[in-house]
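Notes for the one structure printed next.
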Amino acid sequence: AQSVTQLGSHVSVSEGALVLLRCNYSSSVPPYLFWYVQYPNQGLQLLLKYTTGATLVKGINGFEAEFKKSETSFHLTKPSAHMSDAAEYFCAVADRTGTASKLTFGTGTRLQVTL
Amino acid sequence: EAGVVQSPRYKIIEKKQPVAFWCNPISGHNTLYWYRQNLGQGPELLIRYENEEAVDDSQLPKDRFSAERLKGVDSTLKIQPAELGDSAVYLCASSMGLAGSWDEQFFGPGTRLTVL
Numbered sequence: 351a352q353s354v355t356q357l358g359s360h361v362s363v364s365e366g367a368l369v370l371l372r373c374n375y376s377s378s379v380p381p382y383l384f385w386y387v388q389y390p391n392q393g394l395q396l397l398l399k400y401t402t403g404a405t406l407v408k409g410i411n412g413f414e415a416e417f418k419k420s421e422t423s424f425h426l427t428k429p430s431a432h433m434s435d436a437a438e439y440f441c442a443v444a445d446r447t448g449t450a451s452k453l454t455f456g457t458g459t460r461l462q463v464t465l
Numbered sequence: 022e023a024g025v026v027q028s029p030r031y032k033i034i035e036k037k038q039p040v041a042f043w044c045n046p047i048s049g050h051n052t053l054y055w056y057r058q059n060l061g062q063g064p065e066l067l068i069r070y071e072n073e074e075a076v077d078d079s080q081l082p083k084d085r086f087s088a089e090r091l092k093g094v095d096s097t098l099k100i101q102p103a104e105l106g107d108s109a110v111y112l113c114a115s116s117m118g119l120a121g122s123w124d125e126q127f128f129g130p131g132t133r134l135t136v137l
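So the protein lines, in turn, are chains X and H. Take the first sequence: its position 29, counting from 1, is numbered 379 in the numbering used here, and each next residue is one higher. Take the second sequence: its position 105, counting from 1, is numbered 126 in the numbering used here, and each next residue is one higher.
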């Protein structure tokens, strides 16, 4: 079974400050890892993903994440926060079964950006 | 290209009443997912279809929940009768159904259900 732990249900940063959202996973097989963003009253949008290859992955809106196998982590970062980054962020791990992949989500981290 | 379409966006019902949610996936996507997202939680998979076949419904409470995907395109998720604990956002997602690679899921905006 796979699981995801997101440390901190709420994170508040000032505009222009570094964003760091933490994610640790548990998986018995090499994982696929994802970050999704959810704006109010909208569905989830894929920010970035790690499947194979380079462990530092870049996504949309200036976000990036690094897969660290030794730490079982996949933390999300952005050098400079913008007001438009305020949203809920979900880390997820994929379990490949058959032709599709089953996602297991963390409980989410709400990012607040202040002036 | 249109994304995943869901309706209604909001639904308020009394407990013990039936309710149905509709999902239209992205054209050409063979795999369709229904998730439930409780307040303050991440989405949890209820059922997954590959074409018209339900291939993973292990998390679907079958005593009151049912789903169908006729003709392998649109899908309907039904709850009968609804309970207070069913209040949540119900998300539909679709993917191409690719073998041998990551199969990205695209999510609809969800239906927010409130059971009174």
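Even glycine gets a Cβ: it sits at the ideal position worked out from N, Cα and C. These figures come from a predicted structure and were not determined experimentally.
{"Item": "Residue 382(X) vs residue 355(X) beta-carbon contact at 8 Å", "Value": "no"}
{"Item": "Interface flag, residue 82(H) vs chain X, CB-CB below 8 Å", "Value": "no"}
{"Item": "Beta-bridge pairing of residue 466(X) - partner residues as DSSP gives them", "Value": "Because chain X is modelled from 351 through 465, residue 466(X) falls outside the range shown and cannot be assessed."}
{"Item": "Bridge partner(s) assigned by DSSP for residue 371(X)", "Value": "426(X)"}
{"Item": "Spatially closest choice to residue 52(H) from 110(H), 76(H) and 26(H), by CA coordinates", "Value": "76(H)"}
{"Item": "Closest by C-alpha distance to residue 379(X), when choosing among 422(X), 389(X), 360(X) and 385(X)", "Value": "422(X)"}
{"Item": "Below-8 Å beta-carbon distance, residue 412(X) vs any chain H residue", "Value": "no"}
{"Item": "Helix, strand or coil at residue 91(H) according to DSSP, with G and I counted as helix", "Value": "helix"}
{"Item": "Beta-carbon spacing of residue 113(H), residue 40(H) below 8 Å", "Value": "no"}
{"Item": "Residue 398(X) vs residue 414(X) beta-carbon contact at 8 Å", "Value": "yes"}
{"Item": "Short CB-CB distance (under 8 Å) between residue 374(X) and chain H", "Value": "no"}
{"Item": "With 16 other Cβ atoms within 10 Å as the buried cut-off, status of residue 351(X)", "Value": "exposed"}
{"Item": "Exposure of residue 151(H), with buried meaning 16 or more beta-carbon neighbours within 10 Å", "Value": "In this structure chain H extends from 22 to 137, so residue 151(H) is not present and cannot be described."}
{"Item": "Amino acids of chain H, ordered along the chain, whose beta-carbon sits closer than 8 Å to that of residue 452(X)", "Value": "66, 69 and 77"}
{"Item": "Cβ contact check for the region 436-445 of chain X and the region 91-108 of chain H: 3 or more pairs under 8 Å", "Value": "no"}
{"Item": "Residue 410(X) (DSSP reduced to helix, strand or coil)", "Value": "helix"}
{"Item": "Residue 74(H) at chain X interface by Cβ criterion, 8 Å", "Value": "no"}
{"Item": "Which residues DSSP lists as bridging residue 378(X), in chain order", "Value": "Note: residue 378(X) sits in no beta bridge, so no partner."}
{"Item": "C-beta neighbour in chain X for residue 93(H), strict 8 Å", "Value": "no"}
{"Item": "Closer than 8 Å to chain X by CB, residue 178(H)", "Value": "Missing from the structure shown is residue 178(H); chain H here goes from 22 to 137 and no further."}
{"Item": "Neighbour flag for residue 456(X) against chain H, beta carbons, 8 Å", "Value": "yes"}
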